[in-house]
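Start counting the sequence shown at -8; every next residue gets the next number (my numbering).
Using N, Cα and C, we set each Cβ at its ideal position, and we do this for glycine too.
Computed from a prediction, not measured in an experiment: that's the story for all the values here.
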Amino acid sequence: MTTRALPPITTLTEAQQRGWACVWCQAGLGISLGVDLGEQRVRPADGAAYSWFPRQCPDTAACEQREAT
Ligand SMILES: [Zn+2]
């Protein structure tokens, strides 16, 4: 499995930032579904640092197909 660089958090929806939706294709992820990509720390230029918790689809092939369309 290849590790991809995460997209900038400013381009993501709130659902994606909270791990409710896939960071790549925006598909909704149910509780305990999705692959945890680990805690990410971000330090915005104009605010306090905070954590976010990206998740991605377990089925990466289907995910990439959704992302491409
Ligand atoms: Zn996905």
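- DSSP places ALA52 within a helical segment (H, G or I) once states are collapsed to three.
- If you check the CB distance, ARG9 and VAL26 do not come in under 8 Å.
- Residue nearest to ALA18 within the set GLU5, ALA40 and ALA39 is GLU5 (criterion: CA-CA distance).
- Distance from the C-beta of ALA(-4) to the nearest heavy atom of ligand 1 is not below 7 Å.
- According to DSSP, residue pairing for ASP27 in a beta bridge involves ARG46.
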